[in-house]
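Only one structure is covered here, and it is reproduced in the block below.
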Amino acid sequence: MSEAAEFRADTRAWLQENCPPDARGNGVIPWGSSKIELPTDSRVWLENMANKGWTVPTWPKEYGGAALDSAQYLILMEELRRINARAPLTGRGVYYIGPTILEFGTDEQKARWLPGMARGDGGWCMGYSEPGAGSDLASLSTKAVREGDQYIINGRKTWTSEAMYGDYIFALARTDSTVAKHDGISLILIDMNQPGVQVRPIRLISGDSPFCETLFEDATARVSDIIGPVNGGWTVGKRLLQYERSMHAGINISGTQGRVVDTPLSEIFSGLLPTADDSSRILDNDQRSTLLNQQMRHRAYEITQRRAIEETQARAPGFTSSVLKLIGTRLKQERDELHLAALGFDGLGWEGEDIPKEALKHTRTWLQNKSLTIAGGTAEIQLNIIAKRVLGLPDA
Ligand SMILES: Cc1cc2nc3c(=O)[nH]c(=O)nc-3n(C[C@H](O)[C@H](O)[C@H](O)COP(=O)(O)OP(=O)(O)OC[C@H]3O[C@@H](n4cnc5c(N)ncnc54)[C@H](O)[C@@H]3O)c2cc1C
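When we follow the numbering used here, the leftmost residue of the sequence shown carries the number 1, and every step to the right adds one.
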């Protein structure tokens with residue numbers, strides 16, 4: 001038996017034994033928050049995978065991974081998909097800041113932060129955006145001032161996802177205000193469980209509060225918790241954004257099972273559109289060709305995702321993440337529009353007994369997914385990056 005075949009057989013046997021039946025299919029995926037209680041299946045699955053080093057399979061063993069090479073990593077992903085296993089762990093720890101620490105952190109920082117992250121000890125938030133700094137992130141004004149062996153942080157972040165459940169936040173802060181704006185920024189890790197960090201949920205029109213404002217009022221962080229060079233945070237912070245975009249693009253290869261499996265279009269539309277009596281052929285020519293076109297582009301996208309993962313050999317992608325994020329999020333939004341159109345009048349409802357629950361759910365998903373082309377850098381910003389960094393076009 002070849003080495004790859006042997007690895008596959010061992011992996012399959014191990015998963016059979018250690019992936020609880022309830023951890024297959026939809027369910028709760030932990031992201032490390034100590035403030036959210038997990039159902040037993042999700043907790044056991046996380047523990048089993050963490051013990052094996054497979055929450056972050058490509059990370060070095062000393063930091064909680066299993067040091068899998070790219071071939072082994074792809075086999076593991078295939079075997080997880082085969083049994084429809086949920087990701088054991090997700091979130092900004094293992095997806096964003098973990099790989100950034102692996103790339104830029106000192107040995108001491110890696111040893112201090114990564115093993116806990118791999119076990120899902122602590123939920124991480126992202127403190128980048130501010131009321132006056134979104135796409136133009138380098139205009140941020142949160143300040144971190146050194147006093148002895150710590151930094152004192154003051155400022156206000158906004159759109160901090162899930163901050164009400166966060167334990168730690170990685171934030172970009174200004175550590176030198178006397179130099180050009182890109183040159184005085186540092187990436188700093190901050191414990192959220194301290195009086196100097198306050199979160200205020202932002203209530204959306206839907207009634208949900210997935211975001212918060214995060215206020216730093218004399219919050220403290222250790223000097224040794226700056227990742228990368230002091231005042232060199234712009235480069236480090238931009239790299240982290242590539243990890244974030246890779247996650248949005250479904251090519252997250254920084255450890256966990258990154259690909260989100262979409263429900264097949266045929267399943268979504270079954271029963272919604274009039275079909276010929278003797279087959280499932282959609283009668284309306286326009287609807288049929290629009291759907292087919294979507295399906296083909298979606299398939300092409302999936303193949304390109306896979307190629308990106310294989311080409312990067314289970315290491316972090318660069319500007320590919322911008323291209324795939326842009327295309328993937330737009331495809332998803334188009335798909336939502338098609339679904340909404342197919343729902344007809346049921347797709348116009350927001351609440352009410354007369355409208356089927358599934359239709360109401362979709363309308364909310366359609367609205368929520370409008371944020372896909374904003375979060376992690378807007379579509380226009382991805383186009384700017386592609387124009388400048390991939391096509392080499394001059395700055396306008
Ligand atoms: C679901 C979601 C989750 C988020 N979670 C977090 C989080 O956890 N932490 C965090 O820090 N932030 C988070 N954000 C914030 C997100 O990063 C910002 O919304 C995003 O970077 C855009 O910034 P902005 O909202 O200030 O819009 P702006 O930057 O004000 O942009 C407004 C519009 O102008 C366009 N525009 C701006 N500059 C240019 C340009 N140079 N060229 C062309 N067009 C331009 C934009 O594309 C956009 O259409 C989240 C956002 C969403 C939607």
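In this text, a Cβ means the ideal position worked out from N, Cα and C, and glycines have one as well. This structure is a prediction, so every number in the text was calculated from the model and none was measured.
Quick one: is the Cβ of residue i within less than 7 Å of any heavy atom of ligand 3?
{"i": "phenylalanine 211", "result": "Looking at this structure, you won't find ligand 3 anywhere; what it does contain is ligand 1."}
Give a single yes or no on whether residue i has its beta carbon closer than 7 Å to a heavy atom of ligand 1.
{"i": "asparagine 231", "result": "no"}
{"i": "glutamate 397", "result": "Outside the displayed range of the chain (1 to 396) lies residue 397, so it cannot be described from this structure."}
{"i": "aspartate 479", "result": "Outside the displayed range of the chain (1 to 396) lies residue 479, so it cannot be described from this structure."}
{"i": "tyrosine 128", "result": "yes"}
{"i": "asparagine 369", "result": "no"}
{"i": "alanine 249", "result": "no"}
{"i": "lysine 157", "result": "yes"}
{"i": "threonine 160", "result": "yes"}
{"i": "glycine 377", "result": "yes"}
{"i": "asparagine 435", "result": "Since the first and last residues shown for the chain are 1 and 396, residue 435 lies out of range."}
{"i": "isoleucine 374", "result": "yes"}
{"i": "asparagine 384", "result": "yes"}
{"i": "cysteine 19", "result": "no"}
Give the straight-line distance between the Cα atoms of residue i and residue j, rounded to the nearest whole angstrom.
{"i": "asparagine 231", "j": "threonine 106", "result": "16 Å"}
{"i": "alanine 180", "j": "proline 210", "result": "34 Å"}
{"i": "leucine 434", "j": "arginine 203", "result": "Absent from the model: residue 434. The displayed extent of the chain is 1 to 396, so no value can be given."}
{"i": "lysine 143", "j": "aspartate 286", "result": "55 Å"}
{"i": "proline 88", "j": "glycine 53", "result": "11 Å"}
{"i": "threonine 365", "j": "aspartate 336", "result": "8 Å"}
{"i": "aspartate 191", "j": "glycine 123", "result": "11 Å"}
{"i": "lysine 397", "j": "tyrosine 301", "result": "The chain is shown from 1 up to 396; residue 397 falls before or after that span and cannot be answered."}
{"i": "alanine 341", "j": "phenylalanine 269", "result": "11 Å"}
{"i": "leucine 326", "j": "glycine 392", "result": "18 Å"}
{"i": "leucine 140", "j": "leucine 241", "result": "16 Å"}
{"i": "aspartate 277", "j": "glutamate 267", "result": "18 Å"}
{"i": "glycine 27", "j": "proline 21", "result": "11 Å"}
{"i": "glutamate 84", "j": "alanine 13", "result": "Before going further, note that residue 84 is asparagine rather than glutamate in the sequence given. C-alpha separation (whole angstroms): 15 Å."}
{"i": "isoleucine 75", "j": "arginine 8", "result": "6 Å"}
{"i": "alanine 249", "j": "glycine 228", "result": "26 Å"}
{"i": "alanine 133", "j": "aspartate 225", "result": "23 Å"}
{"i": "glycine 347", "j": "aspartate 354", "result": "12 Å"}
{"i": "alanine 379", "j": "proline 394", "result": "19 Å"}
{"i": "tyrosine 63", "j": "threonine 55", "result": "11 Å"}
{"i": "alanine 4", "j": "glutamine 72", "result": "7 Å"}
{"i": "asparagine 18", "j": "glutamate 47", "result": "10 Å"}
{"i": "valine 322", "j": "lysine 238", "result": "Just to set this straight, residue 322 is serine in the shown sequence, not valine. If I take the Cα positions, the gap works out to 12 Å."}
{"i": "tryptophan 45", "j": "glutamate 79", "result": "15 Å"}
Which one or two residues does DSSP pair with residue i in a beta bridge?
{"i": "tryptophan 124", "result": "Tyr168"}
{"i": "asparagine 154", "result": "Lys143, Glu217"}
{"i": "leucine 187", "result": "Leu172, Ile227"}
{"i": "glycine 232", "result": "Ile185"}
{"i": "isoleucine 202", "result": "Phe211"}
{"i": "isoleucine 251", "result": "Partner(s): none; isoleucine 251 has no beta bridge."}
{"i": "threonine 437", "result": "The displayed coordinates of the chain run from 1 to 396. Any statement about residue 437 would go beyond what the structure contains."}
{"i": "arginine 222", "result": "Gln150"}
{"i": "alanine 133", "result": "Glu130"}
{"i": "valine 197", "result": "Phe216"}
{"i": "arginine 239", "result": "According to DSSP, which records beta bridges pairwise, arginine 239 is partnered with nothing at all."}
Does residue i pass the burial test, meaning 16 or more other C-beta atoms within 10 Å, or should it be called exposed?
{"i": "threonine 158", "result": "buried"}
{"i": "glycine 91", "result": "buried"}
{"i": "lysine 370", "result": "exposed"}
{"i": "glycine 258", "result": "Bear in mind that the predicted position of glycine 258 carries a pLDDT of just 47, short of 50, making it too unreliable to give a figure here."}
{"i": "phenylalanine 345", "result": "exposed"}
{"i": "serine 246", "result": "buried"}
{"i": "arginine 119", "result": "buried"}
{"i": "isoleucine 303", "result": "exposed"}
{"i": "tryptophan 59", "result": "buried"}
{"i": "arginine 281", "result": "exposed"}
{"i": "tryptophan 113", "result": "buried"}
{"i": "isoleucine 97", "result": "buried"}
{"i": "methionine 1", "result": "exposed"}
{"i": "glutamate 130", "result": "buried"}
{"i": "glutamine 305", "result": "buried"}
{"i": "methionine 296", "result": "exposed"}
{"i": "alanine 66", "result": "buried"}
{"i": "alanine 23", "result": "buried"}
{"i": "isoleucine 385", "result": "buried"}
{"i": "leucine 292", "result": "exposed"}
{"i": "alanine 308", "result": "buried"}
{"i": "valine 223", "result": "exposed"}
{"i": "valine 390", "result": "exposed"}
{"i": "alanine 214", "result": "One detail in the question is off: residue 214 reads as threonine in this sequence, not alanine. Per the 10 Å Cβ criterion, buried."}
{"i": "lysine 332", "result": "buried"}
Beta strand (DSSP E) segments (min. 3 residues) lying fully within the segment 48 to 111: none
Minimum length 3: unbroken beta strand (DSSP E) runs contained in the segment 268 to 353: none
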